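Trainee:
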Amino acid sequence: MSNAELKIDKINDLINFADKQRWELGDNFHDLIVESIFTDANKIAGKVISSSKDPDQKSWETTLDRIVTSRIFGFPIMFILLAVVFWITIEGANVPSEMLASFFLDKLHPILKNLSASIGIPSFIDGLFIDGAYLAMAWVVSVMLPPMAIFFPLFTLLEDFGYLPRVAFNMDRLFQKAGAHGKQALTMSMGFGCNAAGVIATRVIDSPRERLIAIITNNFSLCNGRWPTQILIASIFIGSLVPSYLAGIVSAGAVVFVALLGIFLSLVSSWTLSKTVLKGEASAFSLELPPYRPPRILRTLYTSLIDRTIFVLWRAIVFAVPAGMVIWLVSNVQIYNLSLAQYFIDFFDPYALFIGLNGIIFLAYVIAIPANEIVIPTILMLTVTTLGISGIGGGAGVMFELDSVKETGDILIAGGWTTLTGINLMLFSLLHNPCSTTIYTIYKETGSIKWTIFSTLLPIIMGLAVCFLVAQFWFIFS
Amino acid sequence: MITVSPFLSLGIFFLLIVIMLLVFWPNKGLAYYYRKLNQNSKRVLIEDALKHIYDYESHKLNVTLNSIAGNLNISADKASKIVQSLKKLKLVKLNNQLITLTEDGKTYALRVIRVHRLWENYLAEETGLKEIDWHDEAEKVEHLLSQEDADILSAKMGNPKFDPHGDPIPANDGSYFFNKGKLLNNIEIGQVVKILHIEDEPKTIYTQLIDQGFYPGKEIKIVARSDEKITIAADGEEIKLSLLFASKVSVEILLEQEFSNEKIKTLVDLKPGETAKVIKVAPICRGQQRRRLLDFGIVPGASITVHMNNPLKDPIAYLVKDTIVALRKNQAKLVLIKT
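The listed protein sequences correspond, in order, to chains A and B.
To convert, take the position in the first sequence, counting from 1, and add 77; that gives the working numbering.
To convert, take the position in the second sequence, counting from 1, and add 174; that gives the working numbering.
1. Give the interface partners of Asp488 of chain B over in chain A, defined as CB-CB distance under 8 Å, in chain order.
2. Would Val327 of chain A and Val333 of chain A be called neighbours here (beta carbons separated by less than 8 Å)?
3. Figure out for me which residue from A:Pro368, A:Met503 and A:Tyr442 has the closest Cα to the Cα of Pro242 of chain A.
4. So, is the C-beta of Glu373 of chain B closer than 8 Å to a C-beta in chain A?
5. Measure the alpha-carbon distance for Pro485 of chain B versus Ala223 of chain B and round it to whole angstroms.
6. Spell out a yes or no on whether the region 192 to 209 of chain B and the region 218 to 234 of chain B are touching, meaning 3 or more CB-CB pairs, one atom from each, closer than 8 Å.
7. So, Thr264 of chain A versus Asn296 of chain A, is the Cβ gap smaller than 8 Å?
8. Classify Phe198 of chain B as helix, strand or coil using the three-state DSSP reduction.
9. Between Gly203 of chain B and chain A, is there a C-beta pair that is closer than 8 Å?
10. Report the neighbours of Met482 of chain B on chain A: residues whose CB is nearer than 7 Å to its CB, in chain order.
11. Taking three-plus beta-carbon pairs below 8 Å as touching, is the region 188 to 200 of chain A in contact with the region 230 to 246 of chain A?
12. Hey, out of B:Gln382, B:Phe388 and B:Lys503, whose CA is closest to Thr440 of chain B's CA?
13. Check each residue of the region 399 to 425 of chain A: if its Cβ is closer than 9 Å to any Cβ of chain B, include it; give the result in chain order.
14. Going along the chain, which residues of its own chain have a beta-carbon closer than 8 Å to the beta-carbon of Ile227 of chain B, five neighbours each way excluded?
15. Indicate whether Phe351 of chain B and Ile343 of chain B have their beta-carbon atoms separated by less than 8 Å.
16. Give the DSSP-derived three-state secondary structure of Glu426 of chain B in the structure shown.
17. On the three-state DSSP scale, how would you describe His481 of chain B?
18. Mind checking which residues open and close the alpha helix (DSSP H) that includes His186 of chain A?
19. Would you mind telling me which residues of chain A sit closer than 8 Å to Arg502 of chain B, beta carbon to beta carbon, in chain order?
20. Met539 of chain A to Pro371 of chain A, Cα distance in whole Å?
21. Going by DSSP, what residues sit across from Pro342 of chain B in a beta bridge?
22. Name the chain A residues that come within less than 9 Å of Leu184 of chain B, Cβ to Cβ?
23. State the CB to CB distance for the pair Ala178 of chain A and Ser147 of chain A, rounded to an integer number of angstroms; the pair is presumed to be in contact (CB under 8 Å).
24. So, at 6 Å on beta carbons, what are the nonlocal neighbours of Gly355 of chain B in its own chain, with the 5 sequence-adjacent residues on each side left out?
25. When you compare the region 355 to 366 of chain B with the region 320 to 339 of chain B, are there three or more beta-carbon pairs, one atom per stretch, that lie closer than 8 Å?
26. Consult DSSP for Gln271 of chain B and reduce its assignment to one of helix, strand or coil.
27. Could you confirm whether any beta carbon from chain A is found closer than 8 Å to the beta carbon of Lys451 of chain B?
28. Consider the Cβ of Asn119 of chain A: report whether some Cβ of chain B lies at a distance smaller than 8 Å.
29. Checking contacts by CB at 8 Å: is Pro180 of chain B closer than that to chain A?
30. Answer yes or no: does any C-beta atom of chain A fall closer than 8 Å to that of Phe187 of chain B?
31. Please return the same chain residues whose Cβ sits closer than 7 Å to the Cβ of Ala506 of chain B, not counting the five positions on each side in sequence.
32. Taking only three categories from DSSP, how would you classify Pro429 of chain A?
33. Which whole-angstrom value is the C-beta distance of Glu522 of chain A and Gly302 of chain A, which I expect to be below 8 Å?
34. DSSP state of Tyr206 of chain B, grouped into three classes?
35. Is Glu161 of chain B helix, strand or coil when you go by DSSP?
36. Quick check on Glu82 of chain A - is its C-beta less than 8 Å from some C-beta in chain B?
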């Protein structure tokens, strides 16, 4: 027997011996090893580390912890802080949004048009790239950038300071009952700013099942791009149902109702998911409450602008450019004197009206998939083109918005909208597929086509069902 | 617009919902039964029969056509057909009415058992399924996994030797070693024993034993017994078990073991501001969840303090090694402490 063979023989003996020993050792020796390592480390640390802190003295951190998680102040503090963040976002975004819009849409767009006309670019190319691609991109930038640039840094500041983990701590019971993780409260709040950012934020949830739940249900948080739609449609169709002095409060109430409905549905679907399709996914709760830290404002500004705002915005632009072209093409490519859009609208109108929407809304939600912000401009453009109204907007394929709520309302009513259409649009705006940026982000985060399709279809099916139910009951009672 | 009476359309809608629920309701819907029906393929029946024969043989019971039919829940006619095919495959021998496994049959049975137990181990360690669901899931998977799949799975799990009920997992050559221990119903008063294994069939008994807090590795003391019942003490409680139930638990007698039946406290019993030392994390806490707790430094000997309550009572925040960690009640219950 050669030396090498002898060695192998010995190794095999050793392996067999070890294998036999494992039967004797029983089941949990891995644990025992890990535990003894931890225990030893603990002993060593106890011997060599000394702390200057007096353990009996309550630090300000402890006091603050007691206040923000107290039964009396805990929730009010949370609601007030979140409300302030949203208020600053909405108020603060108005001015820069208008500035960007007036620059990109009102100034630069005509300049580009004139330029292309003066150098004789064919109207087809000009329309496709300037009215389609450029306009969609400019629109997305001017409506998305300011609120995100305000919301994300504020949110990150709260997170850095250490307050947000306390919110997760306070809210966990509620989410536990829904089979989810307390940190979903944070990703949901983030979703109110932007669903794509909310989906990315689910990385803080380290339990696989709860993270998937948070990703799939994030779309139920009414995002920044949908608030203006809700407010506009509520003031046109809900506010008009009551005397004018009540109109403001009633339409605001309707919007809040839709947002709360979103939270409710988010919890209900979390519960259903955890009990059915996600039952077998691994789940392990953990929540660390980091110490309070003075926020590093400049750093936070930088990272939240680069990591979150620009990141999300870039993804939105990447999708907005081709979608802008599609929007222009479907309105301008004609077969037998009818645009593609018209074929689509005519085909789907009967079905859409049956569930209290209309064909234009269907088409708008399909082609305005890159951002919820451009749904209303697309609807307006399609309505005006379909009705053949002249003098409003920039022609077929050119999205537009009007400053006046009343004029917008007049166009929609001329397009056949009723109160039912208004209500159902608000519901459908809450319950439809996530925007393409979010869908792509879900794919990136889950790495699974199955879950991406699932999270896309779930809200659409719910939305169609809800609109259907509302429409049928509306037909019965009117 | 489609003109259908709203009443009719609503009627159709709710009818569809009801039908969908009937079909897809988990574990009760038609889709579930359909899948179950399809599962009763010949291969499944053959493998289940082999498992049954192996099980009876190892308990020194006689295997007959009736026992097979009863155990697999099939007609005697079908059972006889199965036995015929088993015989043709040279997996069993027939001797009068007695059915015994051949060497090949034994190897085959052990292969199926290996997959079953490996899968139970996988479910316990890597998924969020509850212990009562492990067995049923493994019953399905044991027929689907090939020998190679089982080897890969076993390697990934670190070649576990025991399933979560304490049963040995045969190696891929079918060999295994098993400390069978004694059945709990045969133990005398005053003995301190460690639970080695809890039989997971029938499910009703298993579920009750699990609910009463039995798990492999638990140490208990027998304090009283009569002809029908046996009383055991553990964790400060006394539990009465019928002898039938006790016969489903195998134990190992511990010699010279001090046994104090003080109620073992868990983190849940700790009040705000109180500090305690961790004894251990309960063995039922497995897989990711266990690693998470160990990661936080919740290990034997660590000192842990209640940091603050929660406005909704759950979870509670604890201070471990200068870090604040929130644990839900169902986790805190798994951490045994002494004050």
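Cβ coordinates follow ideal geometry from the N, Cα and C atoms, glycine included.
Just so you know, these numbers come straight off a predicted model, no measurement behind them.
Mentor: Inspection of the coordinates gives the following:
1. Here residue 488 of chain B is taken as the residue at index 314 of the second sequence, counted from 1. Result: Asp249, Arg250 and Gln253.
2. Indexing the first sequence from 1 puts residue 327 of chain A at position 250. Indexing the first sequence from 1 puts residue 333 of chain A at position 256. Against a cut-off of 8 Å, the Cβ pair of Val333 of chain A and Val327 of chain A comes out as no contact.
3. Your numbering for residue 242 of chain A matches position 165 in the first sequence. Selected option, being the one with the closest Cα: A:Pro368.
4. Position 199 of the second sequence, counted from the start, is the residue given in the question as residue 373 of chain B. Cβ-Cβ to chain A under 8 Å: no for Glu373 of chain B.
5. Position 311 of the second sequence, counting from 1, holds the residue named residue 485 of chain B. Position 49 of the second sequence, counting from 1, holds the residue named residue 223 of chain B. Straight-line Cα distance between these residues: approximately 55 Å.
6. no
7. Along the first sequence, one-based indexing puts residue 264 of chain A at 187. Along the first sequence, one-based indexing puts residue 296 of chain A at 219. No, these two residues do not count as a Cβ contact at 8 Å.
8. To locate residue 198 of chain B, count along the second sequence from 1; it is residue 24. DSSP places Phe198 of chain B in helix when its eight states are reduced to three.
9. Counted from its first residue, the second sequence places residue 203 of chain B at position 29. Answer no: the Cβ-Cβ gap between Gly203 of chain B and chain A never drops below 8 Å.
10. Position 308 of the second sequence, counted from the first residue, corresponds to residue 482 of chain B. The contacting residues are Asp142, Arg143 and Thr146.
11. no
12. In the second sequence, counting from the first residue as 1, residue 440 of chain B sits at position 266. The option with the nearest alpha carbon to Thr440 of chain B is B:Lys503.
13. none
14. Mapped onto the second sequence, residue 227 of chain B falls at position 53. Around Ile227 of chain B: Val237, Ile242, Val266, Ile273, Thr274, Leu275, Gly279 and Ala283.
15. If you number the second sequence from 1, residue 351 of chain B lands on position 177. If you number the second sequence from 1, residue 343 of chain B lands on position 169. Their beta carbons are not under 8 Å apart, which means Phe351 of chain B does not touch Ile343 of chain B by this criterion.
16. Residue mapping note: residue 426 of chain B aligns to position 252 of the second sequence, counting from 1. In this structure, Glu426 of chain B counts as strand in the three-state DSSP scheme.
17. By one-based count along the second sequence, residue 481 of chain B stands at place 307. Strand, per DSSP.
18. Locating residue 186 of chain A in the first sequence gives position 109, counting from the first residue. His186 of chain A -> alpha helix (DSSP H) spans His186 to Ser195.
19. Within the second sequence, the letter at position 328 stands for residue 502 of chain B. Ordered by position in chain A, the residues that pass the 8 Å Cβ test against Arg502 of chain B are Asp249, Gln253 and Phe362.
20. Stepping through the first sequence from its first residue, residue 539 of chain A is reached at position 462. Stepping through the first sequence from its first residue, residue 371 of chain A is reached at position 294. If I take the Cα positions, the gap works out to 43 Å.
21. The count along the second sequence starts at 1 and reaches residue 342 of chain B at position 168. DSSP, once it has assigned bridges, lists B:Phe336 as partnering Pro342 of chain B.
22. For the purposes of this step, residue 184 of chain B is taken as residue 10 along the second sequence, with counting starting at 1. The contacting residues are Phe545, Leu546, Gln549, Phe550 and Ile553.
23. Position 101 of the first sequence, counted from the start, is the residue given in the question as residue 178 of chain A. Position 70 of the first sequence, counted from the start, is the residue given in the question as residue 147 of chain A. With a Cβ gap of about 44 Å, Ala178 of chain A and Ser147 of chain A do not count as contacting.
24. Position 181 of the second sequence, counted from the start, is the residue given in the question as residue 355 of chain B. Leu370, Ser424, Val425 and Glu426.
25. no
26. Here the question's residue 271 of chain B lines up with position 97 in the second sequence. Looking at Gln271 of chain B - three-state DSSP - the assignment turns out to be coil, as it is neither helix nor strand.
27. Locating residue 451 of chain B in the second sequence gives position 277, where the first residue counts as 1. Lys451 of chain B does not count as touching chain A.
28. As a first step, residue 119 of chain A is located in the first sequence; it is residue number 42 there, counting from the start. Chain B contact via Cβ: present.
29. Locating residue 180 of chain B in the second sequence gives position 6, counting from the first residue. Yes - at least one Cβ of chain A is within 8 Å of the one on Pro180 of chain B.
30. Locating residue 187 of chain B in the second sequence gives position 13, counting from the first residue. With 8 Å as the cut-off, Phe187 of chain B counts as an interface residue toward chain A.
31. Here the question's residue 506 of chain B lines up with position 332 in the second sequence. Correct list, in chain order: Thr440, Leu441, Val442 and Ile490.
32. As a first step, residue 429 of chain A is located in the first sequence; it is residue number 352 there, counting from the start. In the sequence as presented, Pro is not what sits at residue 429 of chain A; that position holds Ala. The answer is helix: DSSP assigns Ala429 of chain A an H, G or I state.
33. For this step, residue 522 of chain A is matched to residue 445 along the first sequence. For this step, residue 302 of chain A is matched to residue 225 along the first sequence. Glu522 of chain A to Gly302 of chain A, Cβ: 19 Å. No contact.
34. Sequence index remark: in the second sequence, residue 206 of chain B carries index 32 (1-based). If DSSP states are grouped into helix, strand and coil, Tyr206 of chain B belongs with the helices.
35. Residue numbering for chain B in the displayed model covers 175 to 513; residue 161 of chain B lies beyond these limits and cannot be assessed.
36. Looking up residue 82 of chain A in the first sequence gives position 5. It does not; no Cβ of chain B falls within 8 Å.
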